[in-house]
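K.L.:
Protein chains: 2
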Amino acid sequence: MPRLPLTRAERKHETRTAIIDAAARLFARKGFEATSLDAVATSLGLTKGAVYASFGSKHELIKAVAEQYSAPADVGPLLRADLPLPDRLRLFGRGVYASLQGTSRLQILLDFESAVYAMRNKRWARLIHETSSAGIRDLAARFHAVNVARGERSPLGAEAFFTALTVVVRGVVQQFALDPTALRQSALETLFVLLAGESDATGAGSPRRRSTRRQ
Amino acid sequence: MPRLPLTRAERKHETRTAIIDAAARLFARKGFEATSLDAVATSLGLTKGAVYASFGSKHELIKAVAEQYSAPADVGPLLRADLPLPDRLRLFGRGVYASLQGTSRLQILLDFESAVYAMRNKRWARLIHETSSAGIRDLAARFHAVNVARGERSPLGAEAFFTALTVVVRGVVQQFALDPTALRQSALETLFVLLAGESDATGAGSPRRRSTRRQ
DNA sequence: CAATTCGGATACTGATCAGTATCTTGGATA
DNA sequence: TATCCAAGATACTGATCAGTATCCGAATTG
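So the protein lines, in turn, are chains A and B.
When you line the first sequence up against the numbering used here, it's residues 611 to 825, in that order.
When you line the second sequence up against the numbering used here, it's residues 611 to 825, in that order.
(1) Please report the residue range of the alpha helix (DSSP H) in which B:Arg-733 lies.
(2) Going by DSSP in three states, B:Asp-692 sits in which element: helix, strand or coil?
(3) Leaving out the 5 sequence neighbours to the left and right, which residues in its chain are closer than 7 Å to A:Arg-626 when beta-carbon positions are compared?
(4) By the three-class DSSP mapping on this structure, what secondary structure does A:Ser-709 have?
(5) Under 7 Å, CB to CB, which of the residues in the segment 731-758 of chain A have a partner in chain B?
(6) Under 8 Å from any heavy atom of the ligand HEM, does the C-beta of B:Ala-663 make it?
(7) Buried or exposed, going by whether 16 or more other CB atoms sit within 10 Å of the CB of B:Glu-620?
(8) Over the uninterrupted alpha helix (DSSP H) stretch that includes B:Thr-800, give me the two end residues.
(9) Can you give the beta carbon distance from A:Leu-699 to A:Leu-805, rounded, assuming they're within the 8 Å contact cut?
(10) Can you find at least 3 beta carbon pairs, one from the segment 768-785 of chain B and one from the segment 791-801 of chain A, that sit closer than 8 Å?
(11) Mind listing the chain A neighbours of B:Ala-728? Cutoff is C-beta to C-beta under 9 Å, in chain order.
(12) Comparing alpha-carbon positions, which option in B:Asp-721, B:Pro-687, B:Val-661 lies nearest B:Glu-677?
(13) Nearest to A:Tyr-707 by CA position, among A:Arg-690, A:Val-675, A:Phe-637, A:Asp-684, is which residue?
(14) Where A:Gly-767 and A:Ala-725 are concerned, what is the direct C-alpha to C-alpha distance, given to the nearest angstrom?
(15) If the cut-off is 8 Å on Cβ atoms, which residues from the segment 768-787 of chain B count as contacting chain A, listed in chain order?
(16) Would you say B:Glu-762 faces chain A, with C-beta separation under 9 Å as the test?
(17) For A:Gln-784, collect the residues of the same chain with a Cβ closer than 7 Å to its Cβ; drop the 5 residues on either side in sequence, then sort them by chain order.
(18) So is A:Gly-807 in contact with chain B if we call contact Cβ pairs under 9 Å?
(19) Report, in whole angstroms, the separation of the C-beta atoms of B:Arg-730 and A:Gly-641, which I expect to be a contact under 8 Å.
(20) Would you check if the distance between the CB atom of A:Leu-654 and the CB atom of A:Ala-691 is smaller than 9 Å?
(21) Any beta carbon of chain B sitting closer than 9 Å to that of A:Pro-765?
(22) If you run the structure through DSSP and keep just helix, strand and coil, what is B:Leu-656?
(23) Would you kindly report the start and end of the unbroken alpha helix (DSSP H) that includes B:Gly-641?
(24) Are any of the Cβ atoms in chain B nearer than 9 Å to that of A:Gly-705?
(25) Which residue comes first and which comes last in the alpha helix (DSSP H) that contains A:Thr-773?
(26) Leaving aside the five residues before and after B:Val-650 along the sequence, list all residues of the same chain whose C-beta is less than 8 Å from its C-beta, in chain order.
(27) Between B:Val-773 and B:Ser-680, is the Cβ-Cβ spacing less than 9 Å?
(28) Here's a check: name, in chain order, each residue in its chain whose Cβ is nearer than 6 Å to the Cβ of A:Pro-765, leaving out the five neighbours to either side.
(29) Span of the alpha helix (DSSP H) holding A:Arg-763?
(30) If we ignore side chains and look at the alpha-carbon of each, how far apart do A:Ala-715 and A:Asp-748 end up?
(31) The alpha helix (DSSP H) spanning A:Phe-665 covers which residue range?
(32) Name, please, each residue of chain B whose Cβ falls closer than 9 Å to the Cβ of A:Glu-643.
(33) At least one CB of chain A closer than 9 Å to the CB of B:Ala-632: is that the case?
(34) Quick one: does B:Gly-815 have its CB under 9 Å from some CB of chain A?
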């Protein structure tokens, strides 16, 4: 406990972020609607008043959480110009697997929860739809550029390909939340590699990779 | 309105199924928890008393709905011994697409809702897990037999293959609920065909198929 | 036809929720 | 040091929910 005396603005900002973090954890586990503001506050040793001192309504808190934690799976590997498409997809799948067990697990779960919430809330659906579809279009363009530069083609076309990727990621997240043992890392990587449309998806075909099992 | 005079047992059974059907519709749209028994009853011109005359608790109604409407995607096409794996997967994808717009739409949505509910309810998760994993094991065995008979292999192994299929279907259902226009039928079929691990997933390679668009 | 049974209505309980109004207290400012 | 202000506590409101208790009326049964 390093610094007890804090300026007011610091303290306010600190509780605000603490509330967002606590809400994120509860939202990820029980969903937006099933999580009460009371539960959020008491999980921090605070009361509902503290929440309403920082957020005008529950909806505003949800928006803040979704904004701060909105981090779809890391698509960096998919845009690497130095790797063939199957390898890029394998790396992407590896990243998804790592996310589901590491620090960004919360972000992925919240991304999923946000989608589920959108299924039952038209306004939220519109809110999400705009940003996400814009992001997909942008990613698809960059992805397409990389493929063209490499002389590769993706099945489905770049945009539909990313939509399909979103679909698979959401399914994977749900599967992991239901039964983390059902889909092993190797199978998950293979699943993503298959989306490249190459028949050699077993992993033996990647030239630089040895058969050493790390983990 | 053909038959007004009904025996008591008939009447009871009729309202019971009417309640299940109404609940199914509301559950599919708003989820188990967010749907009140009042809403279910009044959507039929009844009151909550009618519900509790047929079901001991909301949980029992949920179970009845889930039981009656539990219909995962039709896997029949996947077990056809007369078709190569890519064609089987294409047919399967076509079936999923048709379901999402036809009569079994409700069933698929409820299957998804059941999975989401399981993410937040350990007891429900166990309930679902047993039956579904048993079903997957059974299907996987039959699928494997067909593949062996045909001299084909599926990537991932039969069991992981079906798990992956479940993953993709759930993602597809969610995507359709969010934005039905984002994934076209052809793209969806291609997505499933890709899971066969064949590079020719465009559909032009299937020998018996003409280029006629049936719709 | 009288007694009984039961599907369903009515009317409650208690719990939980989002949101509001008001008070308290410790840091900020003079 | 004295005043002021806002972060947060306390205590409410009204709405909604699952579940319960009781009642009514029509079908069943003798």
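Think of the CB as a built atom: it goes at the ideal place given N, C-alpha and C, for glycine as much as any other residue.
P.N.:
Looking at the coordinates:
(1) 732-760
(2) coil
(3) Ser-664
(4) helix
(5) Ala-735, His-739
(6) In terms of ligand content, the structure shown is empty, and the ligand HEM therefore cannot be addressed.
(7) exposed
(8) 795-804
(9) 6 Å
(10) yes
(11) Ala-787, Leu-788
(12) B:Asp-721
(13) A:Asp-684
(14) 24 Å
(15) Ala-770, Thr-773, Ala-774, Thr-776, Val-777, Val-778, Val-779, Arg-780, Gly-781, Val-782, Gln-784, Gln-785, Ala-787
(16) no
(17) Phe-722
(18) yes
(19) 6 Å
(20) no
(21) yes
(22) coil
(23) Run containing B:Gly-641: none; DSSP gives neither H nor E here.
(24) no
(25) 768-788
(26) Ile-629, Ala-632, Ala-633, Leu-636, Val-661, Leu-671
(27) Residue identity differs from the one stated: residue 773 of chain B is Thr in this sequence, not Val. Result no, Cβ atoms of B:Thr-773 and B:Ser-680 do not sit closer than 9 Å.
(28) Gly-807
(29) Taken as a continuous stretch (DSSP letters only), A:Arg-763 belongs to no alpha helix (DSSP H), as it is neither H nor E.
(30) Per the sequence shown, the amino acid found at residue 715 of chain A is Arg instead of Ala. Whole-angstrom Cα-Cα distance: 24 Å.
(31) No alpha helix (DSSP H) holds A:Phe-665; DSSP gives it neither H nor E.
(32) Gly-641, Glu-643, Ala-644
(33) no
(34) Reliability of the predicted coordinates at B:Gly-815 is poor, the pLDDT of 39 falling under 50, and no value is obtained from them.
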